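Chemist:
Numbering (this note's numbering), first residue to last: 542 to 1168.
(1) So which of 805, 1097, 1147 and 779 has the shortest CA-CA distance to residue 1084?
(2) Confirm, please, whether the CB-CB distance from residue 733 to residue 646 is below 8 angstroms.
(3) Closest to residue 679 by C-alpha separation, out of 865, 948 and 749, would be which residue?
(4) Along the chain, where does the beta strand (DSSP E) containing residue 771 start, and where does it finish?
(5) Could you tell me whether the Cβ atoms of residue 566 and residue 659 are closer together than 8 angstroms?
(6) Please report the straight-line C-alpha distance between residue 993 and residue 1117, rounded to a whole angstrom.
(7) My guess is that residue 942 and residue 876 are in contact by the Cβ rule of under 8 angstroms, so how many angstroms apart are they, rounded?
(8) Relative to the C-alpha of residue 666, which residue among 704, 688 and 807 is closest?
(9) Can you round the beta-carbon distance between residue 728 and residue 620 to whole angstroms, since I take them to be within the 8 angstroms contact cut?
(10) If we call anything under 8 angstroms between Cβ atoms a contact, is residue 1071 one with residue 1045?
(11) With a cut-off of 8 angstroms on the beta carbons, I'd call residue 843 and residue 881 a contact; round off their distance for me.
(12) DSSP has residue 1028 in a bridge; who is on the other side?
(13) Would you say residue 482 and residue 957 are within 8 angstroms of each other, going by their C-beta atoms?
(14) Would you mind giving the Cβ-Cβ distance between residue 823 and residue 811, rounded to the nearest angstrom? I have them listed as a contact below 8 angstroms.
(15) Take residue 870 as the anchor and find which of 849, 936 and 886 has the nearest alpha-carbon.
(16) What are the start and end residues of the alpha helix (DSSP H) that includes residue 636?
(17) With DSSP as the reference, label residue 766 as helix, strand or coil.
(18) Which residue marks the beginning of the alpha helix (DSSP H) containing residue 685, and which one marks its end?
(19) Which runs of the alpha helix (DSSP H) at least 4 residues long sit entirely within the stretch 785-867? Give them in chain order.
(20) Work out the CA separation of residue 959 and residue 1015 for me, nearest whole Å.
(21) So residue 719 packs on residue 596, CB below 8 angstroms; how close in whole Å?
(22) Is the beta carbon of residue 961 sitting closer than 8 angstroms to the one on residue 926?
(23) So is residue 633 buried or exposed if we call it buried at 16+ other beta carbons inside 10 Å?
(24) Express the C-alpha separation of residue 1087 and residue 1095 in angstroms, rounding to a whole number.
(25) What do you get for residue 1091, buried or exposed, if any count of 16 or more other CB atoms within 10 angstroms of its CB means buried?
(26) Spatial neighbours of residue 940 within its chain, please: C-beta separation below 6 angstroms, excluding the five flanking residues on both sides.
(27) Suppose only complete runs of 4+ residues qualify. What are the alpha helix (DSSP H) ranges in the stretch 597-674, listed by chain order?
(28) DSSP three-state label for residue 910, please.
(29) For residue 795 versus residue 767, is the C-beta spacing smaller than 8 angstroms?
(30) What is the residue span of the alpha helix (DSSP H) that residue 724 lies within?
(31) Here's a check: name, in chain order, each residue in its chain whose Cβ is nearer than 7 angstroms to the Cβ of residue 712, leaving out the five neighbours to either side.
(32) Since residue 938 and residue 964 should fall inside the 8 angstroms C-beta cutoff, what is the C-beta to C-beta distance between them, to a whole number of angstroms?
(33) For the beta strand (DSSP E) containing residue 716, list its first residue and its last residue.
(34) DSSP three-state call for residue 732: helix, strand or coil?
(35) Alpha carbon to alpha carbon, how far is residue 848 from residue 601? Give it in angstroms, no decimals.
Written out as structure tokens, the structure is:
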């Protein structure tokens, strides 16, 4: 378990791997578990607005006060890893807080910080949104000026039962939060025979929103494989982080006890303003919602949730009606867009385990009219269904990327996404064929891959120690009769898949694939960094990688022998992808016009890949597309 900050050379852009700027595991070991940490948690039995409490053992465990743990939480900690009740809960709580003095418990030889697996660190500094001062009753610019010098923070979930908030400048922990759904498993952390399990493994989102007559910065996160629940914290002002202020910092939790269709919360939330004037968090229901935990789903459907940002109250649940209790479905991370540029969310796209790409219409001010954009009678219909060449459905587990159509907004939008799953123990050895898609949304559902143009990998070349792929550049006829409605690229390597969101910029779509190692809990595996045309899904019109390593990306950076030509350009000889090895060497310093892409590899190293200049602009979980 660690979180490391690395400096970057201001002149060359090279990552300085040693020494580290700071190391969270080391820093946390210096903070006294009792007096040096602010750890807060959630008390489910308290009334709305007072659920935040210190993570401390009650003075009278048999009768906790309103600012102490619930009896159910006391009982969970007063239980051995083997399930036998005792009275050692106080020691277990202190162990979770970081007490290393106890005997007979699991020894943490490196740090009290738990392992960080799937949670992506989220950086929060000065308010950085561009909201209009007329969007709400209080001007956003005033809020931005008030907090322009607040302490920059890094928030990340860890499998020690907590979300951590680290000072981005020093690495010191300023806040930690223990969500209530992890309590049944906290005692397992103390077991000398501990076998790894997930706790707070979801990726947080923290953005500015408005409620109660004021602007706030709110963090919302799920638990991923750690449980079935989401939580929200008010992280507006790090100077107020303390255990005594817990009731002001904790906003809400939304768990499967609130709605049984919620599964393991892998979805990364979006924070948006709705057309009914309310600010909300939007997330998919995740996976395995039929687990027999006392709140099992009776449907197994994939579901979209929209909850009040201030209170966590359910505003709208949109049921896709797809899935069953025997084969439960689950909705992945959604992508939310503002199609008319007025600052409110209008459309949501999300994929599910059955390969359905859903489009939800939330553009009306009346939430009763929100739902699937396409229906057959009263049954929701997806925008597109991803299947391989044999008709087998392909799971979608990453958020789609949405862009205005390359021919302009009159042609609608392009929705880009890859398929593949990397969630369960059997997934690394899964060899089913997966695909990357670019699907047009012009207001009509797309009838499968037959409506799309196929691109293929035409060659693979090894040059200067790097392996490159070349792609076809087949024409996509957007204006024909019938017109094409997108493109697709089948991933050729055994086990290759896409499990992270792509990025679109300046006419190119950028995404990574992974080919996992089949060993349990081992680093390794490979993958590819792909850069393809938004218009065709095939090769770009010019080199994009520094193939010959001369520091300049130009006409000398082709690969292989020229095959077919288009406009005098050797299309099949263009590098469209570079292979990512676990020990890929760092790239050379940049020479303008170029940029560097940093790719974090499975063994903790960073691969640096040089590209042509195409700076990306945008926010993690909000898209504003103005027609």
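A virtual CB, placed ideally from N, CA and C, is assigned to each residue, including glycine. Source: prediction; values computed, not measured.
Modeler: Well, looking at it:
(1) Residue 1097 is the option with its Cα nearest to residue 1084.
(2) Yes, they are a contact pair.
(3) Per the Cα distances, 749.
(4) For residue 771, the enclosing beta strand (DSSP E) stretches over residues 770-775.
(5) no
(6) Their Cα atoms are separated by approximately 20 angstroms.
(7) 7 angstroms
(8) 688
(9) 5 angstroms
(10) no
(11) The Cβ separation is near 27 angstroms, so there is no contact.
(12) 979 and 994
(13) A query on residue 482 cannot be resolved here, the shown segment of the chain reaching from 542 to 1168 and no further.
(14) 5 angstroms
(15) 936
(16) 630-638
(17) helix
(18) 681-687
(19) Segments of the alpha helix (DSSP H) lying fully in the stretch 785-867: 787-790.
(20) Rounded to whole angstroms, residue 1015 to residue 959 spans 19 angstroms at the Cα level.
(21) 5 angstroms
(22) no
(23) buried
(24) 8 angstroms
(25) exposed
(26) 874, 876 and 1042
(27) 612-618 and 630-638
(28) helix
(29) no
(30) Where residue 724 is concerned, the enclosing alpha helix (DSSP H) stretches over 724-727.
(31) Cβ neighbours of residue 712 beyond the five flanking positions: 546, 563, 564, 565 and 568.
(32) Right, their Cβ atoms sit about 7 angstroms apart.
(33) 714-719
(34) Looking at residue 732 - three-state DSSP - the assignment turns out to be coil, as it is neither helix nor strand.
(35) 35 angstroms
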